[in-house]
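When we follow the working numbering, the leftmost residue of the sequence shown carries the number 0, and every step to the right adds one. One structure is given below, encoded as structure tokens.
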Amino acid sequence: MIQVVECPPDCMTDSTFGSMPAYEKLKSLRPLMLRLHKALLDAEQDSYERVHGPITSKMELFQLVVNDEWFDWLRPISGFIARIDETIASKEPVSPNENHGLLEKAYEILPLQSDEASEAAVRYQRAVDNYPKIATLHKQVMDVLQPVADNSEPS
């Protein structure tokens, strides 16, 4: 079972998120989220093919990912990655509050971070439990999002 890490109420209030500025956190988070998303897509493709038979082309897979209910739960993650891309590529200045807001959204976007037992949370947990690569990537994402540990706590 994956340890759920919650964002403390004060983790978004000062100019840094953990020991790194929020913008740098976003830049570190992006490739991890891309790899996690790809691993989740691969896992869902495996599950889909067990039920419905082989997907015969990349175009068919793309159409399924975009239109089929089977893949609905992954779309918020896709949208979140697009928002990170827009923020990083923006020619206009992006406020620290916007960057912090996006980092906070990462806690909401990953289904295990929710208290509700949604279909997305169940499927995400199943992927984490059944695919070591996904478990590792989830931990790496949580490590980037983790605020600096309190130095007063024993190691």
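Think of the CB as a built atom: it goes at the ideal place given N, C-alpha and C, for glycine as much as any other residue.
Problem - Inter-residue spacing [alpha-carbon to alpha-carbon] between V93 and E23 - result: When the Cα atoms are used, V93 and E23 turn out to be separated by approximately 12 Å.
Practice task
Use the C-beta contact count for N98: other C-beta atoms within 10 angstroms, 16 or more gives buried, fewer gives exposed.
Solution key: Buried.
Practice task
Taking all protein chains shown into account, decide if G74 is buried (16 or more other Cβ within 10 angstroms of its Cβ) or exposed.
Solution key: In the sequence under discussion, the amino acid at residue 74 is Arg, which differs from the Gly named in the question. So R74 ends up on the exposed side.
Exercise for the section: Just the C-alpha distance for A38 and M58, rounded to the nearest angstrom, thanks. Expected result: Taking the straight line joining both Cα atoms gives about 18 Å.
Handout entry: Sequence-distant residues of the same chain with beta carbon closer than 6 Å to Y47, five excluded per side
Key = These residues qualify, in order along the chain: W69.
Exercise for the section: Scan the stretch 48-84 and note each continuous alpha helix (DSSP H) run of 4 residues or more that stays entirely inside, going in chain order. Expected result: Assignment of alpha helix (DSSP H) within the stretch 48-84, counting only whole runs of 4 or more residues, yields 57-66 in chain order.
Exercise for the section: Report buried or exposed for V65, applying the criterion of at least 16 other Cβ atoms within 10 angstroms of its Cβ. Expected result: Flag for V65 reads exposed.
Practice task
In angstroms with no decimal places, state the Cα-to-Cα distance between Q121 and F61.
Solution key: It is worth fixing the name first, because residue 121 is Val in this sequence and not Gln. Taking the straight line from one Cα to the other gives about 23 Å.
Problem - Element boundaries [alpha helix (DSSP H), containing V143] - result: Its alpha helix (DSSP H) spans residues P131 to L144.
Exercise for the section: Could you pull out every residue in the same chain whose Cβ sits closer than 8 Å to the Cβ of S89, ignoring the five residues on either side in sequence? Expected result: In the same chain as S89, and ignoring 5 residues on each side of it, no C-beta atom comes closer than 8 Å to its own.
Exercise for the section: Determine the direct distance from the alpha carbon of H36 to that of I87, and round the result to whole angstroms. Expected result: I87 and H36 have their C-alpha atoms some 18 Å from each other.
Practice task
Return the CA-CA distance between P20 and G78, expressed in angstroms with no decimal places.
Solution key: About 23 Å.
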